[in-house]
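S.K.:
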Amino acid sequence: MNSRLTRVTTEYSEIEDRVIIKGSKADGEVCAVFMTQRLMSRLILHVIQWLESESGNLTSGSPSKDSEIKNWLQGSAQKEASTSTPDEKPVELSNNSESWLAHEVDITQGPTDIRFTLKSPSGKFVDLELSKDATRKWLNIIFRVWQVAEWTLALWPQWMKQSHEEGSVRSLPVH
Numbered sequence: 000m001n002s003r004l005t006r007v008t009t010e011y012s013e014i015e016d017r018v019i020i021k022g023s024k025a026d027g028e029v030c031a032v033f034m035t036q037r038l039m040s041r042l043i044l045h046v047i048q049w050l051e052s053e054s055g056n057l058t059s060g061s062p063s064k065d066s067e068i069k070n071w072l073q074g075s076a077q078k079e080a081s082t083s084t085p086d087e088k089p090v091e092l093s094n095n096s097e098s099w100l101a102h103e104v105d106i107t108q109g110p111t112d113i114r115f116t117l118k119s120p121s122g123k124f125v126d127l128e129l130s131k132d133a134t135r136k137w138l139n140i141i142f143r144v145w146q147v148a149e150w151t152l153a154l155w156p157q158w159m160k161q162s163h164e165e166g167s168v169r170s171l172p173v174h
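Counting from 0, one number per residue, gives the positions in the sequence shown under numbering that gives the first Met the number 0.
1. Just the Cα atoms here: how many angstroms apart are Lys160 and Ile113?
2. Between Leu154 and Ser12, how many whole angstroms is the CB-CB distance? I'm expecting something under 8 Å.
3. What's the C-alpha gap between Leu129 and Gly27?
4. By a C-beta neighbour count over all protein chains shown, 10 Å radius and 16 as the cutoff for buried, is Val46 buried or exposed?
5. Does the Cβ of Lys88 have 16 or more other Cβ atoms within 10 Å, making it buried, or fewer, making it exposed?
6. For Ala31, write down the residues that DSSP places opposite it in a beta bridge.
7. Taking the DSSP output, what are the residues bridged to Val147?
8. Using a Cβ-Cβ cut-off of 8 Å (strictly less than) and excluding sequence neighbours within five positions of Val125, which residues of its own chain qualify?
9. With 16 as the cutoff for other CB atoms within 10 Å, does Leu44 come out buried or exposed?
10. Can you tell me which of Ala148, Pro120, Pro110 puts its alpha carbon nearest to the alpha carbon of Asp132?
11. Please state the DSSP three-state secondary structure of Lys118.
12. Rounded to the nearest angstrom, what separates Pro172 and Ser121 at their Cα positions?
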């Protein structure tokens with residue numbers, strides 16, 4: 000059984016009040032993994048910390064100036080990722096696609112990529128490995144999904160909110 004996702008579509012399920020990640024596996028199978036807001040929040044916080052770690056320790060002598068610089072650097076990188084997102088057909092489920100609720104996510108961070116292992120209580124799992132650029136693109140999509148769900152934006156950093164306020168990613172497809 001190959002559990003690696005090669006392509007994903009991330010959407011909000013209003014009926015379930017959950018994020019649904021529809022993924023094509025390397026073996027051609029398609030699956031749907033539902034994630035609660037609580038689990039997605041934890042995943043997002045890890046992703047944000049990982050992305051912000053590339054900014055390093057800024058030492059301008061002023062903490063507010065360092066924060067301003069960090070927000071600008073991260074916001075610029077986020078906007079750049081949004082402008083290079085290609086239009087792709089969304090992943091479609093079939094009648095025999097497996098579907099389950101993730102209850103745990105293992106996160107493996109490398110210097111240039113990050114891997115999420117989404118796990119079900121019954122032992123099912125899938126891996127999603129993303130480069131930093133692909134992670135930023137996916138984060139833009141998750142942010143849009145978050146807005147569609149009308150969930151609080153309190154956990155999102157200022158640089159993410161600003162990159163969306165300026166309209167740079169409003170026309171992105173949500174997948």
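Positions of the beta carbon are idealized from the N, C-alpha and C atoms, including for glycine.
M.R.: Taking the coordinates as given:
1. Looking at the two C-alpha atoms, the distance is approximately 22 Å.
2. So it is not a contact: roughly 20 Å between Cβ atoms.
3. Taken atom to atom, the span from the alpha-carbon of Leu129 to that of Gly27 is near 19 Å.
4. Flag for Val46 reads buried.
5. Residue environment: Lys88 is assigned as exposed (fewer than 16 neighbouring CB atoms within 10 Å of its CB, all protein chains considered).
6. Partner residues in the beta bridge of Ala31, as assigned by DSSP, are Lys21, Ser98.
7. Beta-bridge pairing links Val147 to no other residue.
8. In its chain, beyond the 5 residues on either side, Ser2, Arg3, Leu4, Gly22, Lys24, Cys30, Val32, Thr116, Leu117 have a beta carbon closer than 8 Å to the beta carbon of Val125.
9. With fewer than 16 Cβ atoms within 10 Å of its Cβ, Leu44 is classed as exposed.
10. Comparing Cα-Cα distances from Asp132 to each of Ala148, Pro120, Pro110, the minimum goes to Pro110.
11. Residue state, collapsed to three classes: strand.
12. Any reading at Pro172 must be qualified, since the residue scores a pLDDT of 48, below 50, and its modelled position is unreliable; the value itself is stated next. Pro172 and Ser121: Cα-Cα distance of roughly 32 Å.
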